[in-house]
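**Q** Please find one structure pasted underneath; my questions will follow.
This is how it looks when you write it as structure tokens:
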């Protein structure tokens with residue numbers, strides 16, 4: 267995930283920042299409300315808060331999926347009907363044999379691809 271930032275900062279709350287090693291901390295902005303306070307060109311890591319209130323602000327989504335099912339307290343609360351899947355990539359992770367990275371763009375139709 268850090269490699270895909272291309273030098274940009276990744277906004278997240280303290281709950282999520284605890285997962286990242288100190289080596290990654292220079293790339294991270296820890297904020298109490300990262301979705302509200304991050305800028306238009308910023309990236310935001312959303313793990314334990316609702317994205318629906320910020321949907322108008324969001325222009326792209328990157329979703330990571332694992333090859334296992336886990337119980338969850340929270341699920342994505344946005345309807346992806348108006349989003350277009352533009353890229354999928356699978357790779358091995360440190361904790362999972364297969365991680366799938368999906369990139370979505372808002373409002374794109376088949377003709378615009």
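Residue numbers (our numbering): 267 to 379.
Built from N, CA and C at the ideal position, the CB exists for glycine as well.
To the nearest angstrom, report how far apart residue 358 and residue 351 are at their CA atoms.
**A** Distance between the alpha carbons of residue 358 and residue 351: 21 Å.
**Q** Could you give the uninterrupted runs of the alpha helix (DSSP H) lying entirely in the segment 296-372, keeping only those of 4 residues or more?
**A** As far as the segment 296-372 is concerned, its whole alpha helix (DSSP H) runs of at least 4 residues are 300-303.
**Q** Would residue 326 pass as a contact of residue 372 if the rule is Cβ separation under 8 Å?
**A** Their beta carbons are under 8 Å apart, which means residue 326 touches residue 372 by this criterion.
**Q** For the beta strand (DSSP E) that contains residue 276, what are its first and last residues?
**A** Where residue 276 is concerned, the enclosing beta strand (DSSP E) stretches over 276-278.
**Q** Are at least three pairs of beta-carbons, each pair with one atom in the segment 279-295 and one in the segment 314-324, less than 8 Å apart?
**A** Because the criterion of three Cβ pairs below 8 Å is met, the segment 279-295 and the segment 314-324 touch.
**Q** Strictly by DSSP, which residues pair up with residue 294?
**A** Per DSSP, 276.
**Q** Can you tell me whether residue 363 is buried or exposed? The criterion is at least 16 other CB atoms within 10 Å of its CB, across all chains shown.
**A** With fewer than 16 Cβ atoms within 10 Å of its Cβ, residue 363 is classed as exposed.
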